[in-house]
Each structure stands twice: as structure tokens, then as C-alpha cells.
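To start, the structure itself, in C-alpha cells.
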Amino acid sequence: MFSPTKKLDVEKDIEEINNELVKLKDNAPYDEEIVNLIDEVIETGGKRIRPLITLLCYEMFSNKKRNNTIFAAACAIEIIHNASLLIDDVFDKDIFRRKKKSFYLKFSTFSAISMSYSLSSLAFGLALKTKLLEIVEELTKATQNLAVSLFLEQKFRNATTKMTKEEALLLIDRKTTTLFEAASVIGVLLDQATQEDREKMKEFGKYFGRAFQLRDDLLSIIATEEEIGKTGVITDIKNRIQSYIILVAMEQAVEEDKKKLEDYYIEKKEFDVEEIRFLIKRSGAVSTVVKLVNEYIERAMSILKSYPESIARNKLIEITRFLSLNL
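Counting from 16, one number per residue, gives the positions in the sequence shown under the working numbering.
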């Protein structure tokens with residue numbers, strides 16, 4: 016239920032990505048201490064969904080074999096993602112990341128921020144190796160969106176007025192969707208696809224990214240911390256961020272529950288975290304957001320199905336389908 020790549024025939028693809036990341040670490044232009052820290056980030060793992068999407072989008076449109084250029088682009092996406100997670104954990108005060116102690120707690124906040132800078136510069140060095148300005152531009156836009164998302168998230172956390180669902184989707188697009196859009200379109204750019212293809216695959220990335228983040232937000236409410244491998248309840252409820260599911264809960268809750276949710280998220284009054292989680296579930300927000308997640312998944316798959324059948328396309332469809340929730 017909790018791994019979009021579970022039971023999919025992508026193990027070899029992910030192994031290739033991991034091997035390329037290790038090579039990259041071994042050849043990084045930094046001294047040994049920093050290389051060891053890079054290794055720590057890489058070894059933490061992850062599903063590698065973003066670079067996997069880049070590889071598969073490339074293969075959907077290309078008859079060429081995977082080469083150093085496509086791997087450089089895919090690894091750049093993954094490295095930017097990991098750089099952003101280092102900062103996220105500092106801001107969110109997360110204790111665990113992928114079932115391991117968060118980097119900033121294991122080393123220091125300074126090390127996490129410094130490593131984020133180092134990884135970002137490494138990613139742009141890889142993007143330059145593709146010799147395609149458009150890829151550098153896509154990565155730049157994604158990085159800019161990630162930076163803006165930090166400010167937006169603080170706004171949602173500190174808000175003393177009720178945010179809107181449109182604002183919540185904007186945060187999702189800046190924080191999560193942006194890298195999935197980049198991952199999708201960069202794979203297509205490497206094959207000189209048509210402008211229409213680029214736009215369609217960017218749309219695929221948008222719908223995939225929204226489904227991915229909303230799903231993650233849902234699991235933070237209904238799953239245990241052990242299942243999702245991070246301190247989900249602490250991050251998403253204790254930090255009082257008005258995420259999309261929270262705003263839906265405020266809309267749908269009965270008057271008494273709505274008042275408590277607004278007191279907690281807007282007035283900043285103290286409540287037991289488990290009580291807040293119970294109120295969110297009781298509001299019916301979970302089923303409402305599950306429906307929206309599945310709608311985004313259908314839109315993403317519809318785009319993929321508009322292209323001829325291929326191994327790469329079918330893998331992308333299966334990865335997308337595994338985001339589905341039946342609750």
C-alpha cells in the first residue's frame with residue numbers, strides 16, 4: 016500500500032540509477048569529508064521515482080539506448096530532490112527520513128544546509144553535461160519553485176486565517192509537482208520530441224505529482240509512522256500546516272468539530288494531536304481526497320495511454336496506477 020514501486024518490474028531500472036549515483040559520488044569534485052556526506056545522503060535510499068520517470072519518458076520517445084546523457088539528467092533530478100529533503104527536515108524538525116535518523120540530527124543543521132548547497136551545485140554540473148540549455152532551464156525553474164515553497168509552507172504554518180484549497184494546491188505544485196514535471200519533460204527533451212509531446216508529458220508530471228503529494232498527506236493521517244518511515248503525524252498535524260486535506264476537513268466537519276479544527280489550526284489553541292487526527296478522519300475528508308487522488312491518477316494515465324504501447328509506457332502506467340488508494 017505504501018510503495019508506488021512495489022511488485023513492479025523496475026528493480027533493474029532502479030539498480031542502474033543507484034549505480035550511476037554511486038559513480039557520481041565517487042567522481043564528485045569535493046574533498047573526502049564532503050564525499051562521505053554525499054554518500055550518506057545517497058545511501059539513505061528512496062524509491063528513485065523521479066529519475067525513473069525521466070528514464071522511462073526518454074524511452075517512450077526514443078529508439079536509442081540509455082546513455083551517459085540521460086543518466087546525467089536523471090541523476091540531476093534525484094540529487095535536487097535529495098537536496099530539498101535535507102532542508103525540509105530541518106524546517107519540519109523531522110526525526111526520521113526513510114526510517115533512518117534525519118541527516119541534520121545525525122550530523123548537524125549546518126551540515127544539512129551545507130550539503131544541500133553541495134548537492135545542488137553537483138546537480139547543475141550534471142545538467143550542463145547534457146549540453147541542452149532547455150534541461151538546465153527546466154531544472155532551474157524546478158529549483159526556484161522549491162525555494163518559493165519554503166516561504167509558502169511557512170505562510171501555511173503560521174497563518175492566522177483560513178487558507179484556500181487553491182492556495183494549498185499552489186503549495187503542492189511548487190513543492191512536489193515541479194520536480195515531477197521536470198522529470199517528465201526532461202526525458203522527452205533529450206529526444207527532441209514535438210512541443211505538443213513536451214506539453215503533454217509536463218501535464219502528466221503535474222497530475223502525477225499532485226496525486227503523489229495528496230496521497231502522502233493522506234497517509235500521514237491514516238498510516239502509522241513505522242509504515243511511512245517518517246514522523247508523519249508530528250510533521251503534518253503538530254506543525255499545524257493547513258494542507259489540502261485539512262482544509263477539506265474544515266469544510267466538511269460538523270460544526271463542533273469544525274470549531275475545534277479552526278481553533279487548532281488558526282487560533283493556535285492546544286489540542287491532543289490524536290484528537291485532531293480523529294476529527295480529520297471523522298469529517299469524511301479522507302474519502303473526498305482519495306477520490307481526488309484517483310481522478311489525478313486517471314488523468315495522468317489517460318495521457319500515457321494516448322501514446323503507442325511500449326515497455327516504457329506500460330511501466331509508467333503501472334507506476335502511476337500504484338498511487339491509487341482504495342480506502
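Ideal placement from N, C-alpha and C gives every residue a C-beta, glycine not left out. Model, not experiment: these values are computed from the prediction.
Asked, Found
"Residues in its own chain within less than 6 Å of G220 by CB, not counting five upstream and five downstream?", "F195, E196, S199"
"Who are the near neighbours of D41 in its chain, counting only those whose CB is closer than 6 Å to its CB and skipping five residues on each side?", "none"
"Roughly how far, in whole angstroms, is the beta-carbon of R225 from the beta-carbon of T192, given that I think they are within contact range, below 8 Å?", "6 Å"
"Cβ of I85 within 8 Å of Cβ of A157?", "no"
"In the DSSP output, what is K112 paired with across the bridge?", "Checking the displayed sequence, the identity of residue 112 turns out to be Arg instead of Lys. The partner list for R112 (beta bridge, DSSP) reads K115."
"Smallest Cα separation from K114: which of G60, I236, E47?", "G60"
"Taking Cβ to Cβ, would you say S133 is nearer than 8 Å to Y45?", "yes"
"Would you check if there are 3 or more beta carbon pairs closer than 8 Å linking the stretch 252–264 to the stretch 290–301?", "yes"
"Can you tell me the Cα-Cα spacing of E345 and I334, whole angstroms?", "There is no way to answer for residue 345, as the model of the chain reaches only from 16 to 342."
"Would you mind stating whether A138 and A91 have Cβ atoms separated by less than 8 Å?", "yes"
"Please report the residue range of the alpha helix (DSSP H) in which N329 lies.", "326–336"
"What number of angstroms, rounded off, separates the C-alpha of K177 from the C-alpha of E218?", "29 Å"
"Quick one: Cα of K320 to Cα of S126, how far?", "44 Å"
"My assumption, with CB atoms under 8 Å, is that A300 sits in contact with V263. Please give the rounded CB distance.", "4 Å"
"Quick check: what's the CA-CA separation for V352 versus A183?", "Past the edges of the chain, shown from 16 to 342, lies residue 352, and the structure says nothing about it."
"Closest to F227 by CA distance: which of S339, A88, A89, N83 is it?", "S339"
"Taking DSSP as the reference, what is the three-state secondary structure of V203?", "helix"
"By the three-class DSSP mapping on this structure, what secondary structure does S136 have?", "helix"
"For the stretch 268–330, list the alpha helix (DSSP H) runs that are entirely contained and at least 4 residues long, ordered along the chain.", "270–280, 288–297, 300–320"
"Between the C-alpha atoms of V305 and E47, what's the straight-line distance to the nearest angstrom?", "46 Å"
"Quick one: what does DSSP say L340 is sitting in, helix, strand or coil?", "coil"
"Could you tell me the boundaries of the alpha helix (DSSP H) in which V56 lies?", "47–58"
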